[in-house]
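To keep things clear, I will list the structure first and then write my remarks on it.
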Amino acid sequence: MSESTTGGRLKLVLATHDEKVLDVECDQVALPGRLGELGVLPGHMPLLTILSVGELRYRDGKRETSLAISWGFAEVADDVVTVLAEFAQRPDEIDVAGAKAEIESAYEVLSVGGREEVKEALAKLELASARIQVAERN
Amino acid sequence: MPNLIDIRRRIRSVKNTQQITKAMKMVAAAKLRRAQDHILATRPYALEIRKVIGNLASRGEELHHPLLEVRDEGKDLLIVVSGDKGLAGSFNANVLRRASELVDKSPETDLLLLGKKGADFYRRRDVSTRASYSSLFSGVTYEDAKKIADDIVQSFARREYRRVTVVYNQFKSMLAQELSEEQLLPIEPATDTAEVSATAYHFEPAPSSILGDLLPRYLTFQIYRVLLESQAAEHAARMSAMDSATKNASEMIDMLTLQYNRARQAAITTELIEVVSGANALDG
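Chains A and B are the protein sequences, given in the same order.
If you count by my numbering, then the first sequence holds residues -9 to 128, one letter each, in order.
If you count by my numbering, then the second sequence holds residues 242 to 525, one letter each, in order.
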């Protein structure tokens, strides 16, 4: 990762199949990569990567905003970060109680369910935890 | 000589029908708006995912993935997208006619029927149907598309099919739907379009692994898009069908009203003649 000397800014576009969630300018983006968090600054090399369930954060000046996303795909090119996600939620849209209830029910499935059910429950668990994390940060 | 009461009754019945068609037209127009917005909202995602797949494919090296595999043996799978409801002009008939033509051309075809009308149409016909889904269109969801796509991806990967095609009504404008046929599998990446940039990307993880993750989702999205298009086209078709039905009803009411007035006048004339000739008879 190399920081641009021109002090440029990033453009962040986040789209799900149902809406364009974000189209903003910012200074820094942190993506939930498969292999850990991935920081993007202006001047980043062109990159295509798969994202996992987690928290997407971006910083504009001193303001940091985060969103919960699940399965995403990110492209970085020419200081434009494009994120495609299957699910994206802003903190103020997150229903913490609902997410907690989902975690409860996922745990129940984990103890009794079959292989497919466990897989599904794990995915749900992951997403619900990410949503709670995002909601609590803000 | 038509009976006055009969004509009045007919006028009333046509008026009732007209009210229904008018209401249906209005409902379709409202739903069409929403469906249209829905389609527009998917555009950014569509553009980006196509660009990314094109980028991956245009890297020159051979990419291997079951969903890209072109093969000769195996059956065809035809996805037929009809509506759940009728009264939409030729919307359902068009798509079903084309589907039957395609099946006649290559009998080694399995059908996947989306929409109740298609399922009803093929229920008593001798074609092999893989599955049919019949209440998708009260509200198209991504989850529905995913369920359908998962099934297709698995069977294609098992080499049951060599090609998966979809036939559906594409939404062109408020007034026009176009019957459209698209190949879904094997996926043919758009390598020649201007959308593909020449940027040398760093991939993380490896391109083949990204592809494995991306392609099934691309198919899901394609099916989602087809469902939305068909839904919008159905509403548009219903809107114009109901619009002309309403107009026809107006014409019929005008005609019947004219007939009614003529009959009424004739009856009055007859009565007058009777009265006058009665009076004359008394005078004489």
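Every residue, glycine too, gets a C-beta built ideally from N, C-alpha and C.
All values derive from a computational prediction rather than experimental measurement.
The continuous stretches of beta strand (DSSP E) do not include valine 516 of chain B, which lies in the alpha helix (DSSP H) extending over residues 448 to 524. Under the DSSP assignment, glycine 359 of chain B falls in the alpha helix (DSSP H) whose first and last residues are 357 to 364. Shown here, glycine 295 of chain B sits in a helix according to DSSP, grouped into three states. According to the DSSP assignment, lysine 10 of chain A belongs to the beta strand (DSSP E) that extends over 10 to 16. Only those residues of the segment 50 to 75 of chain A whose C-beta falls short of 7 Å from the nearest C-beta of chain B are listed: Phe63, Glu65, Ala67, Thr72 and Leu74. DSSP places arginine 53 of chain A inside the beta strand (DSSP E), whose first and last residues are 53 to 67.
Around leucine 455 of chain B, the beta-carbon contacts reaching into chain A at under 7 Å are Phe63. Contact between the segment 70 to 83 of chain A and the segment -1 to 13 of chain A is established, with three or more Cβ pairs separated by less than 8 Å.
Here aspartate 367 of chain B is exposed. Its C-beta has fewer than 16 other C-beta atoms within 10 Å.
For leucine 420 of chain B, there is no enclosing alpha helix (DSSP H); the enclosing beta strand (DSSP E) has its first and last residue at 418 to 426.
One thing to note: leucine 452 of chain B has its Cβ no nearer than 8 Å to the Cβ of leucine 288 of chain B. Scanning its chain for C-beta atoms nearer than 8 Å, with the 5 sequence neighbours on each side dropped, one finds around leucine 425 of chain B the residues Ile320, Ile393, Val405, Thr406, Val407, Leu460, Gln463 and Ile464, in chain order.
Residue pairing of proline 430 of chain B in beta bridges, as defined by DSSP: absent, with no partner found. Fully enclosed alpha helix (DSSP H) runs of no fewer than 4 residues occupy 332 to 346 of the segment 307 to 350 of chain B, in order along the chain. The beta carbon of glutamate 422 of chain B is closer than 7 Å to those of Thr406 and Val408 in its chain, skipping five residues each way along the sequence. Excluding residues up to 5 positions away in sequence, Pro427 lie with their Cβ nearer than 7 Å to the Cβ of glutamate 310 of chain B in the same chain. When the beta-carbon positions are compared, leucine 21 of chain A and leucine 46 of chain A come within less than 8 Å of each other.
Within the same chain, Cβ atoms closer than 6 Å to the Cβ of lysine 316 of chain B are found at Glu349, Asp351 and Tyr402, the five residues on either side in sequence being excluded. At least 8 Å separates the CB of alanine 390 of chain B from every CB of chain A.
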